[in-house]
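Numbering (the UniProt record's numbering), first residue to last: 1 to 179.
Notes for the one structure printed next.
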Amino acid sequence: MDMGNKGLVMRLGNESQERNGNEGLRKNKAASEAIKGLCSAIHSIVVQQEEEYSLQRKYEKAEKRLQKELESLAEMERKLEGGFTGEDGDSNLSPKHPLTLKRAKTKALRKQVDNEKARYMKSVQATKAMTLNNLKTSLPNVFKALMDLSRGSVEAIEAVFNQIKPADGCVAEVESLEN
């Protein structure tokens, strides 16, 4: 393409851009805003997942402590030769007896584990709901805005291309570009 044709293409492109400029900017801004909305939704999902992971670690840590206490309680009961095992054995023991204290501690730990598990499971459900909701609302907006932007870009390119009238010497060059 010689310099005269390049100048013509640039001038026609500028004229087309001026005509379609506001529309193109609007579509570009809509796509940008839709992408920002998706990024914001993803950020909120990541924050929720971090909270979920934190609750999972607390639950697992409490579960490990409970398992250690249960093992310790079983060992203590074995050492006492099973004479104090079961609920009936508790009535014969004083409240200050180590076995009574150990059983109370494991009962409290079991309650804590149950609470941590409930909080974690609630967080899992919240994360799942948030993920589905945010993606269902954000993704369609992004795809629509990108389709509009693409369509506008194609229309602008076609408008510029259709306005160019190749000179006789440039016909072969344009045909080679089309192929």
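Each residue gets a CB set at the ideal place from its N, CA and C atoms; glycine is no exception.
_Tell me which residue opens and which closes the alpha helix (DSSP H) that Lys-96 is part of._
What you label residue 96 is simply residue 96 of the sequence shown in a count that begins at 1. Neither: Lys-96 is in no alpha helix (DSSP H) and is coded neither H nor E.
*Beta carbon of Gln-112 nearer than 8 Å to that of Ala-62*: Position 112 of the sequence shown, counted from the first residue, corresponds to residue 112. Position 62 of the sequence shown, counted from the first residue, corresponds to residue 62. Yes, the Cβ-Cβ distance between Gln-112 and Ala-62 is below 8 Å.
*For Lys-27, count neighbouring Cβ atoms within 10 angstroms of its own Cβ and tell me buried if that reaches 16, exposed if not.*
Counted from its first residue, the sequence shown places residue 27 at position 27. By the 10 Å Cβ count, Lys-27 comes out buried.
*Could you say which of Gln-56, Leu-25, Glu-23 and Glu-69 lies nearest to Ser-123 if we only look at CA atoms?*
Translated into the one-based positions of the sequence shown, residue 123 becomes position 123. Comparing Cα-Cα distances from Ser-123 to each of Gln-56, Leu-25, Glu-23 and Glu-69, the minimum goes to Gln-56.
*Count the other C-beta atoms from every protein chain shown that fall within 10 angstroms of the C-beta of Asn-133, then say buried if there are 16 or more, exposed otherwise.*
Locating residue 133 in the sequence shown gives position 133, where the first residue counts as 1. Its Cβ having fewer than 16 others within 10 Å, Asn-133 is exposed.
*Please list the segments of the beta strand (DSSP E) lying wholly inside the segment 89-143, counting only runs of 3 or more residues, in order along the chain.*
Taking only runs of at least 3 residues, no beta strand (DSSP E) segment lies wholly in the segment 89-143.
_Judging by CA-CA distance, which residue of Glu-158, Ile-157, Val-154 and Asn-141 is the nearest neighbour of Lys-29?_
Here residue 29 corresponds to residue number 29 of the sequence shown, with the count starting at 1. Minimum Cα distance to Lys-29 is reached at Asn-141.
_Beta-carbon gap between Arg-110 and Leu-73 smaller than 8 Å_ = The count along the sequence shown starts at 1 and reaches residue 110 at position 110. The count along the sequence shown starts at 1 and reaches residue 73 at position 73. When the beta-carbon positions are compared, Arg-110 and Leu-73 stay at least 8 Å from each other.
*Express the C-alpha separation of Lys-144 and Arg-151 in angstroms, rounding to a whole number.*
Taking the first residue of the sequence shown as 1, we reach residue 151 at position 151. Taking the first residue of the sequence shown as 1, we reach residue 144 at position 144. Going by the C-alpha atoms only, they are around 10 Å apart.
*Nearest-angstrom Cα distance between Asp-114 and Pro-98?*
Residue 114 sits at position 114 when you count from the first residue of the sequence shown. Residue 98 sits at position 98 when you count from the first residue of the sequence shown. C-alpha separation (whole angstroms): 24 Å.
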